[in-house]
Each structure stands twice: as structure tokens, then as C-alpha cells.
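**Student:**
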Amino acid sequence: MRLTAATLDAPDAGELAAFYLRLLPGWAVRRGETGPDWVHIRPPGGGTGLSFQTEPGYVRPVWPGRPDRQRMMVHLDIEVDDLAAETARAVAEGARLAEYQPQDAVRVLLDPAGHPFCLYVDQDPTAGTEAQ
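Residue numbers for the sequence shown follow the numbering used here, beginning at 177 and rising by one.
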């Protein structure tokens, strides 16, 4: 068993996929995995990708969540080397900085469909590596 993608609903799958293609350098549309209501993108060299599905009844989530509004169901965490530069680039590509920022080393942004995603700098570059 292998996870191949996380899928995000949107009012327009193609528009949201185009945003993430601009945001994630080197990612590309997977051949044969696109249509009017569906787009699948993959990182260079393969691996788990992102899919986007047009949902006519899509309701934008709010973040942070409120009991009377559509809440986020998932968010993406994207590691970056330069938080300020990549935040500015994400905003230039169509993201919006969220009003509430809970951590200093993380920036919460909203993609064009309103999905929250986080840019962060790894504070411990040795985390997750095995001892030699």
C-alpha cells in the first residue's frame, strides 16, 4: 500500500493546480492525470503528489476555525530555507498571509481557494537523521 496524493477540493481545479505549480519549483502535471475537473501534480523524481478536484459546492474554510463556519480539513506543511523570501514569493504567486500567526518560525498562508498552508524553516537540521 502506498499513499500517492492528497486531494484538495476547489471551485476550479486547474486554477488551484496552477498556483501550486508556481509555488513548488520543479513540480509538474502528471501525464494523463488532468481533465476539466481534476489535476494531479508530482514532485521532481516522483513521490507523493497533490491532486485538485473541482467541487461545484465548494465552501472556503476559515482559519483559525470557528464553530459556525466551514473548518479546514487538512493543511500542507512546506519546508523552506528562507521564510521571509518564500512568504513574499507565495504572496506574489497568489497566496494571502493569514491574520493569525501562532509561531515565529512558521508562516500560515491561504491559497487562492482558502486552504491554509504553512511555510516553515527547520529549526533543527539534524532532526530525523540517523546516527552514524
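Where a beta carbon is used, it is the ideal one built from N, C-alpha and C, also for glycine. Since we're looking at a predicted model, the values are computed, not measured.
Could I get the ranges of all uninterrupted alpha helix (DSSP H) runs contained in the segment 181-209, with 4 residues as the minimum, in chain order?
**Tutor:** For the segment 181-209, whole alpha helix (DSSP H) runs of length 4 or above, ordered along the chain, are 189-199.
**Student:** Between glycine 202 and proline 220, what straight-line distance do the alpha-carbon atoms span, to the nearest angstrom?
**Tutor:** In a straight line, the C-alpha of glycine 202 is about 6 Å away from that of proline 220.
**Student:** Figure out for me which residue from Gln279, Leu200 and Ala289 has the closest Cα to the Cα of proline 232.
**Tutor:** Taking only the C-alpha atoms, the option nearest proline 232 is Ala289.
**Student:** Mapping the DSSP letters down to three states, classify threonine 263 as helix, strand or coil.
**Tutor:** Here threonine 263 sits in helix by DSSP.
**Student:** Tell me whether the beta-carbon of valine 238 lies closer than 7 Å to the beta-carbon of leucine 295.
**Tutor:** No, the Cβ-Cβ distance between valine 238 and leucine 295 is not below 7 Å.
**Student:** Which stretch, first to last residue, makes up the beta strand (DSSP E) that contains threonine 230?
**Tutor:** Here the beta strand (DSSP E) through threonine 230 covers 225-230.
**Student:** How many Å lie between threonine 224 and isoleucine 217 at the Cα?
**Tutor:** Each residue's alpha carbon lies about 9 Å from the other.
**Student:** Alanine 268 and leucine 285 look like a contact to me (Cβ under 8 Å); what is the Cβ gap, rounded to whole Å?
**Tutor:** No, alanine 268 and leucine 285 are not in contact; Cβ-Cβ is about 12 Å, not under 8 Å.
**Student:** Are the Cβ atoms of glutamine 229 and threonine 183 separated by less than 7 Å?
**Tutor:** Yes; because the gap between Cβ atoms is below 7 Å, this pair is in contact.
**Student:** Along the beta strand (DSSP E) that carries tyrosine 296, what are the first and last residues, could you check?
**Tutor:** Tyrosine 296 -> beta strand (DSSP E) spans 292-296.
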